[in-house]
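Written below as structure tokens is the structure these notes are about.
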Amino acid sequence: MRPYLKYLLPLAIFIVLVGFFVVGLKLDPRVVPSPLINKPAPAFRLPQMGEASKSFSPEDMRGKVWLLNVWASWCTACREEHPLLMDMSRQVDIPLVGMDYKDTDAEASAVLQQAGNPYRMVAVDRDGRVGIDYGVYGVPETYVIDKQGIIRYKQIGPITEEVLNEKIMPLLKGLQ
Amino acid sequence: MRLRVLFVLLLILPLLAMGEAKPLGDDPAVEARLKALSQELRCLVCQNQTLADSAAPLAEDLRQEIREKIAQGMSDKEITDYLVARYGNFVRYRPPVESQTLLLWVGPSLLLIAGFTGLWLTLRRRNSLLPDDIEKGEDA
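Quick note, the sequences are listed as chains X and H, same order. Heads up: the first sequence begins at 1 in the working numbering, then just goes up one per residue. Heads up: the second sequence begins at 177 in the working numbering, then just goes up one per residue.
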């Protein structure tokens with residue numbers, strides 16, 4: 001073995017390891033890539049909140065680019081993203097549909113009354129069945145669905161300004 | 177004597193009342209399959225727990241979902257595929273062997289082989305040294 005190799009080899013291994021660690025630090029283990037990306041949004045028909053006679057289905061949104069935001073009154077992270085959703089609903093003309101996940105109508109509508117309602121309509125998934133079809137495991141979750149009803153993006157956890165400006169808005173522009 | 181009989185009875189009677197705790201579901205066969213299956217699946221909320229162990233509401237929902245799928249006559253594989261289609265391979269505690277997971281599966285063996293190769297090379301080199309070299313502390 002050449003003498004300099006004795007020192008260079010551990011250094012090289014060390015650098016490779018540090019490389020792995022740096023990448024690993026940036027990964028969020030709570031974010032599980034969804035297998036539903038680029039697949040059709042699962043069909044469902046759910047009652048609308050506050051309007052018992054009306055229902056909502058993704059079919060109704062055919063031909064439109066829209067957002068499905070899964071939220072609940074008991075979810076604190078949802079409150080964090082709420083102001084951002086309010087801003088978005090005022091600024092851009094993109095239908096934002098809420099899905100109230102495992103919640104009660106009374107509590108959910110109290111939140112919307114107090115903090116404002118950014119949603120075109122809110123579908124009620126009381127027992128979380130539709131949530132399972134959408135692979136929901138941590139509210140809030142937001143899906144970008146295109147004109148053909150294909151899921152293009154899924155945000156797990158609250159939407160931040162950064163995510164909105166760098167990922168969601170450019171994507172929406174491209175889809176429209 | 178009578179006291180002794182009473183004593184023995186006191187010891188025996190609780191045995192009669194003893195029995196296994198009743199599972200929450202009705203059908204023990206379904207519960208057994210649910211248990212076996214949910215031990216192979218990961219709870220998405222508390223990621224280091226299996227679906228069987230987790231007390232998270234989502235885990236409870238998923239167990240109920242699996243219970244119904246078993247009752248509908250779906251096979252274990254069909255149920256696992258159903259969950260993988262929604263949550264991805266992450267729900268499986270045993271990832272399948274695929275191009276993406278190949279390193280995960282063969283990585284430990286590769287490391288072991290590398291370790292043994294290194295050991296073998298070192299030992300061989302050490303054997304070829306003369307006793308003099310060792311005394312002088314020269315190993316290269």
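Cβ coordinates follow ideal geometry from the N, Cα and C atoms, glycine included.
Check, Outcome
"What's the C-alpha gap between LYS211 (chain H) and ILE94 (chain X)?", "44 angstroms"
"Anything in chain X within Cβ reach of PHE266 (chain H), meaning under 7 angstroms, just list it in chain order.", "VAL32"
"Measuring alpha carbon to alpha carbon, tell me which of H:ASN265, H:GLN276, H:ARG300 and H:VAL273 ends up nearest ARG218 (chain H).", "H:ASN265"
"Measuring only between beta-carbons, confirm whether GLN248 (chain H) sits less than 8 angstroms from chain X.", "no"
"Identify each residue in the segment 117 to 145 of chain X for which the Cβ-Cβ distance to at least one residue of chain H is less than 7 angstroms, and report them in chain order.", "GLY128, ILE132, ASP133, GLY135, TYR137 and GLY138"
"Near VAL272 (chain H), which residues of its chain fall below 8 angstroms by C-beta distance, leaving aside the five closest residues on each side in sequence?", "The sequence shown places Pro at residue 272 (chain H), not Val. The answer, listed in chain order, is ASN265."
"Across which residues does DSSP place LEU46 (chain X) in a beta bridge pair?", "X:PHE56"
"Between VAL221 (chain H) and GLY138 (chain X), how many whole angstroms is the CB-CB distance? I'm expecting something under 8 angstroms.", "7 angstroms"
"Counting contacts by CB-CB distance shorter than 8 angstroms, is MET99 (chain X) in contact with chain H?", "no"
"Near PRO199 (chain H), what residues of its chain come up, given a Cβ to Cβ distance below 7 angstroms and the 5 sequence neighbours on each side ignored?", "Confidence is the limiting factor: at PRO199 (chain H) the pLDDT is only 47, short of 50, which leaves the residue's position unreliable and the question unanswerable from this model."
"Taking a Cβ distance cut-off of 8 angstroms, strictly less, list which residues of the segment 216 to 240 of chain H are near chain X, in chain order.", "LEU220, VAL221, GLN223, PRO233, LEU234, ASP237 and LEU238"
"Here's the rule I'm using: 16 or more other beta-carbon atoms within 10 Å means buried, otherwise exposed. How should GLU81 (chain X) be labelled?", "buried"
"Is the CB-CB distance between ASN69 (chain X) and THR160 (chain X) below 8 angstroms?", "no"
"Step through the CB atoms of chain H and report whether any lies within less than 8 angstroms of the CB of LYS102 (chain X).", "yes"
"Tell me whether TRP66 (chain X) sits in a helix, a strand or coil according to DSSP, three-state version.", "strand"
"If ASP103 (chain X) and PHE44 (chain X) are in contact, beta carbons under 8 angstroms, what's the gap, nearest whole angstrom?", "Not a contact, Cβ separation roughly 16 angstroms."
"Please classify SER304 (chain H) as buried or exposed, where buried requires at least 16 neighbouring CB atoms within 10 angstroms.", "exposed"
"Under three-state DSSP, which class holds MET99 (chain X)?", "strand"
"Can you round the beta-carbon distance between ARG262 (chain H) and GLU216 (chain H) to whole angstroms, since I take them to be within the 8 angstroms contact cut?", "Wrong, their Cβ atoms sit about 16 angstroms apart, outside the cutoff."
"How about ALA290 (chain H): is its C-beta nearer than 8 angstroms to some C-beta of chain X?", "no"
"Using DSSP's beta-bridge definition, name the partner residues of VAL124 (chain X).", "X:ASP100"
"In chain order, what residues of the same chain lie with their CB nearer than 7 angstroms to the CB of SER89 (chain X), ignoring the 5 residues before and after it?", "LEU96 and PRO118"
"Please confirm whether VAL144 (chain X) and LEU46 (chain X) have their CB atoms less than 8 angstroms apart.", "no"
"Let me confirm a value: PRO233 (chain H) is counted as buried when at least 16 other C-beta atoms fall within 10 Å, else exposed. Which label applies?", "exposed"
"Which of the three DSSP states, helix, strand or coil, is assigned to GLU236 (chain H)?", "helix"
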